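Please read the structure below before turning to the comments.
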Amino acid sequence: LDETYDPLQVEDRWYPFWLNGGWFAADTQSKKEPYTIMIPPPNVTGSLHMGHALFVTLEDLLIRWKRMDGFEALWLPGTDHAGIATQVMVERQLAKDGTNRHELGREEFLKRVWTWKDEKGGTIIGQMKRMGASCDWDRERFTMDEGLSVAVREAFVQLFEQGLIYRAERMVDWDPITMTVLSDLEVDREEEDGKLWFLKYPLADGSGHIIVGTTRPETMLGDTAVAVHPDDERYKDMIGKMVKLPIVGREIPIIADKILPDPKKGSGAVKITPAHDPNDFECGERHSLERIQVIGFDAKMNENCPQNYQGKDRYDARKMVIADFEKAGLLDKIEPTKFAPGRSQRSGVVVEPLPMLQWFVNTEPMAKKAIAAVDSGRTKIVPEVWKKTYDHFMHNIRPWCISRQLWWGHRIPAWYCGDCDHITVSREDATQCSACASKNVRQEEDVLDTWFSSGLWPFSTLGWPEKTPDLDKFYPTQCLETGFDILFFWVARMLMMGCWFMDDVPFDEVFLHAMVRDADGHKMSKTKGNIIDPLHLIYGAKAADLDPEMHAELLKQHPDGVESQGADALRFTLAIYAAQGRDIKLDIDRVEGYRAFLNKLWNAARFALMNLTDFEVTSSYPDGLPAPEEDLSLVDKWILQRLAEVSKDCQASLEAYKFNEYAQGLYHFVWHEVCDWYIEFIKMSLYEDPNPRRTATQATLLHVLETSLRLLHPAVPFITEDIWQALPRGQDAPESLMIAPWPRLESPGFTEEVASVDLLVALINQIRAIRGETRVKPSVQIPRLLLTAGPAERQRIEGANAYIQRLARVEEVVFIERAEADTLQGVATAVVKGVEIRIPLKGLIDLDEERGRLKKELARTQADIEFVSKKLSNEKFVAKAPPHLVQAERDKLAAYETELRTLEASLLELESM
RNA sequence: GGGCGUAUAGCUCAGUGGGAGAGCAGCUGCCUUACAAGCAGCGGGUCACAGGUUCAAUCCCUGUUGCGCCCACCA
Numbered sequence: 002l003d004e005t006y007d008p009l010q011v012e013d014r015w016y017p018f019w020l021n022g023g024w025f026a027a028d029t030q031s032k033k034e035p036y037t038i039m040i041p042p043p044n045v046t047g048s049l050h051m052g053h054a055l056f057v058t059l060e061d062l063l064i065r066w067k068r069m070d071g072f073e074a075l076w077l078p079g080t081d082h083a084g085i086a087t088q089v090m091v092e093r094q095l096a097k098d099g100t101n102r103h104e105l106g107r108e109e110f111l112k113r114v115w116t117w118k119d120e121k122g123g124t125i126i127g128q129m130k131r132m133g134a135s136c137d138w139d140r141e142r143f144t145m146d147e148g149l150s151v152a153v154r155e156a157f158v159q160l161f162e163q164g165l166i167y168r169a170e171r172m173v174d175w176d177p178i179t180m181t182v183l184s185d186l187e188v189d190r191e192e193e194d195g196k197l198w199f200l201k202y203p204l205a206d207g208s209g210h211i212i213v214g215t216t217r218p219e220t221m222l223g224d225t226a227v228a229v230h231p232d233d234e235r236y237k238d239m240i241g242k243m244v245k246l247p248i249v250g251r252e253i254p255i256i257a258d259k260i261l262p263d264p265k266k267g268s269g270a271v272k273i274t275p276a277h278d279p280n281d282f283e284c285g286e287r288h289s290l291e292r293i294q295v296i297g298f299d300a301k302m303n304e305n306c307p308q309n310y311q312g313k314d315r316y317d318a319r320k321m322v323i324a325d326f327e328k329a330g331l332l333d334k335i336e337p338t339k340f341a342p343g344r345s346q347r348s349g350v351v352v353e354p355l356p357m358l359q360w361f362v363n364t365e366p367m368a369k370k371a372i373a374a375v376d377s378g379r380t381k382i383v384p385e386v387w388k389k390t391y392d393h394f395m396h397n398i399r400p401w402c403i404s405r406q407l408w409w410g411h412r413i414p415a416w417y418c419g420d421c422d423h424i425t426v427s428r429e430d431a432t433q434c435s436a437c438a439s440k441n442v443r444q445e446e447d448v449l450d451t452w453f454s455s456g457l458w459p460f461s462t463l464g465w466p467e468k469t470p471d472l473d474k475f476y477p478t479q480c481l482e483t484g485f486d487i488l489f490f491w492v493a494r495m496l497m498m499g500c501w502f503m504d505d506v507p508f509d510e511v512f513l514h515a516m517v518r519d520a521d522g523h524k525m526s527k528t529k530g531n532i533i534d535p536l537h538l539i540y541g542a543k544a545a546d547l548d549p550e551m552h553a554e555l556l557k558q559h560p561d562g563v564e565s566q567g568a569d570a571l572r573f574t575l576a577i578y579a580a581q582g583r584d585i586k587l588d589i590d591r592v593e594g595y596r597a598f599l600n601k602l603w604n605a606a607r608f609a610l611m612n613l614t615d616f617e618v619t620s621s622y623p624d625g626l627p628a629p630e631e632d633l634s635l636v637d638k639w640i641l642q643r644l645a646e647v648s649k650d651c652q653a654s655l656e657a658y659k660f661n662e663y664a665q666g667l668y669h670f671v672w673h674e675v676c677d678w679y680i681e682f683i684k685m686s687l688y689e690d691p692n693p694r695r696t697a698t699q700a701t702l703l704h705v706l707e708t709s710l711r712l713l714h715p716a717v718p719f720i721t722e723d724i725w726q727a728l729p730r731g732q733d734a735p736e737s738l739m740i741a742p743w744p745r746l747e748s749p750g751f752t753e754e755v756a757s758v759d760l761l762v763a764l765i766n767q768i769r770a771i772r773g774e775t776r777v778k779p780s781v782q783i784p785r786l787l788l789t790a791g792p793a794e795r796q797r798i799e800g801a802n803a804y805i806q807r808l809a810r811v812e813e814v815v816f817i818e819r820a821e822a823d824t825l826q827g828v829a830t831a832v833v834k835g836v837e838i839r840i841p842l843k844g845l846i847d848l849d850e851e852r853g854r855l856k857k858e859l860a861r862t863q864a865d866i867e868f869v870s871k872k873l874s875n876e877k878f879v880a881k882a883p884p885h886l887v888q889a890e891r892d893k894l895a896a897y898e899t900e901l902r903t904l905e906a907s908l909l910e911l912e913s914m
């Protein structure tokens, strides 16, 4: 291994090796139990962002873990055509060239999109590979692949034949500049200042007027009713009467509606314009009101308006309406108000809600199955809090509008007959009407919502509607891992579609991860300037390479840019962050901290290699111990016991999706147990020659390191493979760490040794603390250490003197009896776990420093005594708390009191000096 | 407006009905033959606020406040 860990060099080495080994590929014929994850397909033309980095990390972690653990692991990758997003990008491109899709025509436009897809489509796949994703790339799918398109048609036709797909009118958000329908995702709503106009509508019978409030007076030209709440006393008598609509002169009814009018808002009476407001539209549906469209697709007043309004812009018309009302004395008042009109992301113009014919899915019957699947526990949602959200959505599910007025996507397989109005829905392209056989048919222009095809993803990717061996082997999948933000868009749809078409759930478990956000908890976005690009963290990015607007926040914190951290460090960081409920506020300093950890691992491996040159491996995966038990030293046994415990913890953590516990546990074990203590402990026996236990210690060191690498591999695949390949191993070893067996270690039962080493560590720490606080130079050896202990403790320490001598820098360890200890003069004193430590001060320790330290120690012990005494003097505690806890407190008190006496005596003695 | 989440060290975050933890940052010493991206030591917290339950609350319950997210809506 090189002297320093260079993540970029390490990470360049292994991906092709893994690919060539064919170990990412899943075997349909395998007898192994399958473990399958379907990738949440990213936008085909997208680029890797932190959300992707997170799911790649977690899913690769799960897949590598299960693959090592003997499952037939399939991680099926792919991309989504992402209708709107992709089409918008290509249209922007066209706009730069001074043209648009209408000029090009549908066919030519689609050609352009495919070209764009072919050019940009590989980017994100390449970036996922750079993260180490062990997907089965031979099975890569794209939602507009031929096979998946067949699945989409099949699903559509089946649902249509079952009567679950239908057409109906619905309000859509229309962009009058780009002349297209927008999806919710393309409409931004931000609050702005507006006005609320109160208009008087005279009653037709001349008995007065009713006042309505509106933020859009121009729509009054299309009013077909005024609605009031049936319980609103002010208007009770007016219900059923007619209003004579000013300017237009039309007579419209005053109706009672329980849903829309709120007596506390405005005047309590609402003008109803079913053709230009989503709420009014629904109110109109409830009361069978006429829809009069007065604003056209160009946002200008149309032929349904009075002559002088026709052709006027909607905002000019607004002024005219107000002026007309004022002139007629019908303008009651104007109030300032806040409102949030929808604005087109693309043109910035306020969208016009208009009614249009759309395709819908009646999702209720499907939802019923999907609800039952989760209720029964057949599919488990993790973390469980999301089940509530899921249930709420599913129980209140609304018809799913699946048509989109786009060109890029799965064109709806419906053909309209020009002669008989019949609609032909077919798996094959229709050339004639299925009712009258007329050849005069044209296909529906609209395409399907992107989520329609992604809803089929868990089985369309395996070959459905064909009955393929893949489908048989890998459906249902075991885990679906994704962000909670697409719980409704995607997860719920997959559950519905899976239960409906496959008659079984698409996955056993759903793990919903948190959202990666900026330091303030905001979503990362280019305009907010709070982007952290995973690739920048992997490769590093100098300040000059960072866009000052997109990365403003990053540059504020790190004015020089970021150093290269590598994919492994990023993965480890994200795994640790993944515990959280909702927000991951990524801190770059933490990534650096985990890179330091990997550097530590690297150097531990270098240490091992340097000390294994004369070691021969006999078997790669010894069941049980790496060497005969009688050859193992105290610390060998200790670390082997700990290793077994840690491996058990890893298993349990991963089973529960507690990635943080898994990663944190290994971090602590490798750094603070293996590196800080085990390696330090064994140095002396490795440097000592000859040593009869050398081979056993070498075997243990290698075993602990190699097993740690196997445990770490799912999280940090590159560095672990790199180190592993450098380690000596037996003939029977696999070619790659990624196919080595996942450690499932039985506890070797060395719990006594763990207790001994715990005591040893506590003692050494205490001696080091005395040295540190009394400013004994690290280079100075303590000539004599005097220990006083009971027989049990003494037995634990006695054989381990050499460790204390080396790690606490003590020349001689001597056990003395308490009687003798009491007569000693001029010693620094401490008590740890019942063992008394005395260090002669002479020529070593400054008297004042030691007195100060001792006083601090005394104060601490006194506080402890006070705390425990207070508890024990509480009669209720003694009476009601569990007896073993009471006893434990009593034992503590006794120990503290002994300790106090020892320290007091020592201080008294020092003060007399 | 409805729902959900969250509040712990200077920062980023774990955690638990029985004396509060990590990493980073800070301070003091160390180039101790794997690692200065390191080693040893130290300091730092009314666990948001107010009530309640309990022998015991940072943890459970109620309320308040701050922050964040989702859904709906603003006539």
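Each residue of the first sequence is one higher than the one before, counting from 2 in the numbering used here. In this text, a Cβ means the ideal position worked out from N, Cα and C, and glycines have one as well. Keep in mind the model is a prediction, meaning the values are calculated, not measured.
query, result
"Check the C-beta distance from Pro749 over to Gln642 and give it rounded, since I have them as a contact under 8 Å.", "6 Å"
"Assign Arg190 to one of two classes, buried (16 or more other C-beta atoms within 10 Å of its C-beta) or exposed (fewer than that).", "exposed"
"How would you call Glu170, buried or exposed, if buried means at least 16 neighbouring beta carbons within 10 angstroms?", "exposed"
"Kindly give me the distance between the Cβ atoms of Asp81 and Thr5, rounded to whole angstroms, as I take these residues to be in contact under 8 Å.", "Not a contact, Cβ separation roughly 41 Å."
"Per DSSP, Gly214 is paired with what?", "Phe199"
"List the residues that DSSP assigns as beta-bridge partners of Ala257.", "Val229"
"Give me the DSSP bridge partner(s) of Lys245.", "Glu252"
"Can Leu2 and Thr37 be called in contact, C-beta distance under 8 Å?", "no"
"For Gly297, which residues of its own chain have a beta-carbon under 8 Å away from its beta-carbon, when the five flanking residues on both sides are left out?", "Asn303"
"In the structure shown, what three-state DSSP assignment does Gln163 receive?", "coil"
"So Val383 is in the beta strand (DSSP E); what residue range does that whole segment cover?", "Lys381 to Val383"
"Please check the pair Ala570 and Arg596, which I expect to be a contact at CB under 8 Å, by giving their CB distance rounded to whole angstroms.", "4 Å"
"According to the neighbour-count rule (16 or more other Cβ atoms, all chains shown, within 10 Å of its Cβ), is Lys340 buried or exposed?", "In the sequence as displayed, the identity of residue 340 is Phe instead of Lys. The residue in question, Phe340, is exposed, as its Cβ has fewer than 16 Cβ neighbours within 10 Å."
"Quick one: using the 10 Å Cβ neighbour count with 16 as the cut-off for buried, is Pro691 buried or exposed?", "exposed"
"Would you report the Cα separation of Gly464 and Met172, rounded to the nearest angstrom?", "36 Å"
"Lys871: which of Leu894, Leu496 and Leu488 sits nearest, CA to CA?", "Leu894"
"State the start and end residues of the unbroken alpha helix (DSSP H) segment that holds Cys920.", "Residue 920 falls outside the range modelled here, since the chain spans only 2 to 914, and no answer is possible."
"Given 8 Å as the limit, is there contact between the region 404-411 and the region 446-465, that is, 3 or more CB pairs closer than that?", "yes"
"Assuming Ala134 contacts Glu73 (C-beta within less than 8 Å), just tell me the rounded distance between them.", "18 Å between Cβ atoms; not a contact."
"Excluding the 5 residues flanking Pro459 on each side, which residues of the same chain have their C-beta closer than 7 Å to its C-beta?", "Met39, Tyr476, Thr478, Met495, Gly499, Pro507 and Phe508"
"Whether or not the region 92-103 and the region 754-772 are in contact is what I'm after, with contact meaning three or more pairs of Cβ atoms, one per stretch, closer than 8 Å; do they touch?", "no"
"What number of angstroms, rounded off, separates the C-alpha of Lys877 from the C-alpha of Glu867?", "18 Å"
"Cutting at 6 Å between CB atoms, please list the residues of its own chain near Glu34, excluding the five before and the five after it.", "Phe72"
"Spatial neighbours of Asp281 within its chain, please: C-beta separation below 7 Å, excluding the five flanking residues on both sides.", "Ile273, Thr274 and Pro275"
"According to DSSP, which residues form a beta bridge with Lys334?", "Phe199"
"Ignoring anything shorter than 3 residues or poking outside the region 419-474, list the beta strand (DSSP E) runs there in chain order.", "424-426 and 442-444"
"Would you list the residues sitting across from His514 in a DSSP beta bridge?", "Gly484"
"By DSSP's criteria, Thr37 is part of a beta bridge. Which residues make up the other side?", "Leu75"
"Whose CA, out of Val45, Lys266, Thr708 and His50, lies closest to the CA of Ala86?", "Val45"
"Can you have a look at Thr721 and say buried or exposed, based on whether 16 or more other CB atoms are within 10 angstroms of its CB?", "buried"
"Is Phe394 closer than 8 Å to Phe453 when the C-beta atoms are compared?", "no"
"If the criterion is Cβ atoms closer than 8 Å, does the pair Val271 and Ile255 meet it?", "no"
"Could you check how far apart the C-beta atoms of Ile403 and Phe361 are, in whole angstroms? I think they sit under 8 Å.", "7 Å"
"Return the Cβ separation of Val352 and Leu183 in integer angstroms, given the expectation that the two are a contact with Cβ distance under 8 Å.", "6 Å"
"Give the list of continuous alpha helix (DSSP H) stretches no shorter than 4 residues that lie fully inside the region 287-337.", "315-328"
"Apart from the five residues just before and just after Met132, which ones in its own chain have a Cβ nearer than 6 Å to its Cβ?", "Val57 and Ala568"
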